[in-house]
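Novice: Encoded as structure tokens, here's the structure I'll be asking about.
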Amino acid sequence: MAGRIEDYALIGDMQTAALVCRDGTVDWLCLPRFDSHAIFAGLLGTGEHGFWRMGPAYAPGAEPPAAARRTYRGDSLILESEWDTPRGTVRVTDFMPPRDGAPQLIRIVEGVSGRVPMRSELRMRFSYGRVVPWVHKQEGRTVAVAGPDSVWFDTEAETYGKALTTYADFTVAPGDRIAFTISWEPSHKEPPALPEPEQSLVATEDFWRDWVEHCTYHGPYREAVVRSLITLKALTYAPTGGIVAAPTTSLPEDIGGVRNWDYRYTWLRDAAITLSSLLRTGYREEARAWREWLLRAVAGDPENLQIMYGIAGERELGEAELDWLPGYENSTPVRVGNGAAHQLQLDVYGEVTEALHLGHMTGLARNDYASVLQLKLIRYLEDHWNEPDEGIWEVRGPRRHFVHSKVMAWVAVDRTIKLIESGDADGPLERWKQLRDDIHRDVCEKGYDKERNTFTQSYGSQALDASLLLIPQMGFLPPDDKRVIGTIEAIQRELSTSDGFILRYPTDGEDEGVDGLPGDEGAFLACSFWMADDLAMIGRVDEARKLFEKLLSLRNDLGLLAEEWDPRLQRQVGNFPQAFSHVPLIDTALRLTASGAYGG
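The sequence shown begins at 291 in our numbering and counts up one residue at a time.
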């Protein structure tokens, strides 16, 4: 059985990622890319669907012991887990070297004290646990082959096969270091080079140390900010600059429910806000790479902008259900692909334009096509901003006139006007100034409830929506506007959980609500960070700091966050780790630091 979501650690090579549980089990790994089929899918099923456990030997029928301690080595993505056993202490170091050739997952077992019996259990199952590969020896190496894939297993330890699983039983004493490596290669190619685990460990540590040195944030929340930045870097697909929302699929927003989605793609919204955080903390190269990815993905068809693309810019992300997987804690269906790719979400135009604007304002080298793209997006919005859409939360119910979508359409026009006024683009300035005014007036007239003094989720609706918290952050209205303050206070009253975190919008339990889905969900962590931002903006800085630090306490022991927090079960839920949670963490830390609103 898979562990709790917060029991997992992330390791990765900026092309794919693995999740390692506290008991030393790798329960999730897709090769060779984030969106490839998993060879370890135990996270969404059982051990029969693939895993790799490394840890102290344990009695048959018993649960494998959890590590007593674990941490990342400094500011890196190198995981160190330690077990204290009656016979001594052992350390396992897990990492994936930044790729230079075949993708590798390396595990180094080190004796710390005593003599500890250890066991490696490797059960590879290709195609999300559906295919049992042919495992055999080739030139002294163990290789698993099925269809287009081959995975090579290298170690000095003696191995044996039993029950379609590859085992190694060995004992480590102080000073012993035994390495285990799996490498992926297309099955029709020559075997990958023999791994060099110790050299790869040094190179991986050097890579992360050098990368973190570029961080320009040195405030009181540096540990949380740096860990979030490392996580965002790990979610970046290095060959193209695309950024995945999360490295997992179908981790449920509602345990046992149907709110299970594939997040291994590049949402323009998520990637744009990630870009803003990277730019504001000194990472221009990542921002430049993302902008180039955007231009390639959208090239030739900006009028049909998708809300998400594949990590190399693929447009077709057809959704399917894997009915042989029972799902994380029986949360079905397990989905791959994402049918929301072709939804109309007008807010995306604003997020992309805001990201391009921020790059321009922070000195990112000019790209003429980026300006051309921005103008084309506004020409599209000019004709379509007043249409209903599916909105930021990708509702699968009827389209509506979502207030947040209109606000972000205003942002797109406003930032483009600024681009023209700077002299870096040409466009119908006066016409678009009138368009900006028209959108603003439309929102204030149709999206605002005068009696309750709050903006609403959509035109004609009484419901609230946490995305309204972005109104002052986007500059649509100033923070001291009474309508802004009223909206913040209304969301606090109506969308707060018992422990003070923020829901995205009301859900209706077994009945289908605005999102067209049954069931409820947890507090959306990004929305809770937005609330902390807004509280700071309206002068309630102590309250903002307390909420922010309460949110920091929800991180797991390694500083990682999923998409949501379930206040009933007191645990993380949703895909993990989630870029859309770590980005606002960074943003709020920067805002609180600038305001001096932090504790000792």
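Where is the CB? At the ideal position from N, CA and C, for every residue including glycine.
In this structure, how does DSSP classify cysteine 505 when only helix, strand and coil are distinguished?
Specialist: Cysteine 505 falls in the coil class under three-state DSSP.
Novice: Pull up the CB-CB distance for threonine 797 and glutamate 784, whole angstroms please, since I reckon it's below 8 Å.
Specialist: Not really, about 13 Å apart at Cβ, beyond 8 Å.
Novice: Per DSSP, what kind of secondary structure is glutamate 684 in: helix, strand or coil?
Specialist: The DSSP-derived three-state label of glutamate 684 is coil.
Novice: For tryptophan 820 and leucine 759, what's the separation of their Cα atoms in angstroms?
Specialist: A straight line joining the alpha-carbon of tryptophan 820 with that of leucine 759 spans about 6 Å.
Novice: For tyrosine 298, count neighbouring Cβ atoms within 10 angstroms of its own Cβ and tell me buried if that reaches 16, exposed if not.
Specialist: Buried, by the Cβ-count rule.
Novice: Should the segment 621 to 629 be called in touch with the segment 641 to 655, which here means at least 3 C-beta pairs below 8 Å?
Specialist: no
Novice: Taking its Cβ as the centre, do 16 or more other Cβ atoms sit within 10 Å of alanine 631, making it buried, or is it exposed?
Specialist: buried
Novice: At a cut of 8 Å, does the segment 497 to 511 reach the segment 567 to 581 through at least three beta carbon pairs?
Specialist: With the cut-off at 8 Å, the segment 497 to 511 and the segment 567 to 581 touch.
Novice: Do you know offhand how far leucine 837's Cα is from serine 818's?
Specialist: Here the alpha carbon of leucine 837 sits roughly 8 Å from the alpha carbon of serine 818.
Novice: What did DSSP end up calling glutamate 802 once you bin it into helix, strand or coil?
Specialist: Note that glutamate 802 has pLDDT 44, beneath the 50 cutoff, so the model's placement of it is unreliable and the number below is only indicative. DSSP places glutamate 802 in coil when its eight states are reduced to three.
Novice: Could you tell me whether the Cβ atoms of leucine 636 and methionine 698 are closer together than 8 Å?
Specialist: yes
Novice: Residue range of the beta strand (DSSP E) that proline 407 falls in?
Specialist: 406 to 413
Novice: Flag this pair as touching only if the segment 857 to 872 and the segment 515 to 532 have three or more C-beta atom pairs under 8 Å; answer yes or no.
Specialist: yes
Novice: Quick check on aspartate 728: does DSSP put it in helix, strand or coil?
Specialist: helix
Novice: Per DSSP, aspartate 552 forms a beta bridge with which residues?
Specialist: Thr539
Novice: Taking the beta strand (DSSP E) that histidine 426 belongs to, which residues open and close that run?
Specialist: 424 to 428
Novice: Who are the near neighbours of isoleucine 668 in its chain, counting only those whose CB is closer than 7 Å to its CB and skipping five residues on each side?
Specialist: Ala702, Val703, Thr706, Trp722
Novice: For isoleucine 545, does the three-state DSSP call read helix, strand or coil?
Specialist: coil
Novice: If I measure Cβ to Cβ from alanine 660 and keep anything under 7 Å in the same chain, skipping five residues before and after, which residues do I get?
Specialist: Arg581, Leu585, Leu646
Novice: For the structure I just gave you, are there three or more beta carbon pairs, one from the segment 764 to 771 and one from the segment 824 to 839, closer than 8 Å?
Specialist: yes
Novice: Taking only three categories from DSSP, how would you classify glycine 890?
Specialist: Note on glycine 890: pLDDT 40, under 50, position unreliable in the model; the coordinate value appears next. If DSSP states are grouped into helix, strand and coil, glycine 890 belongs with coil.
Novice: Among Pro762, Asp732, Leu333, Glu741, which has the Cα closest to the Cα of tyrosine 749?
Specialist: Asp732
Novice: Just to confirm the assignment, what range does the alpha helix (DSSP H) spanning cysteine 817 have?
Specialist: 815 to 827
Novice: Classify histidine 339: buried if its beta carbon has 16 or more other beta carbons within 10 angstroms, exposed otherwise.
Specialist: Buried is the label assigned to histidine 339, since at least 16 other Cβ atoms lie within 10 Å of its Cβ.
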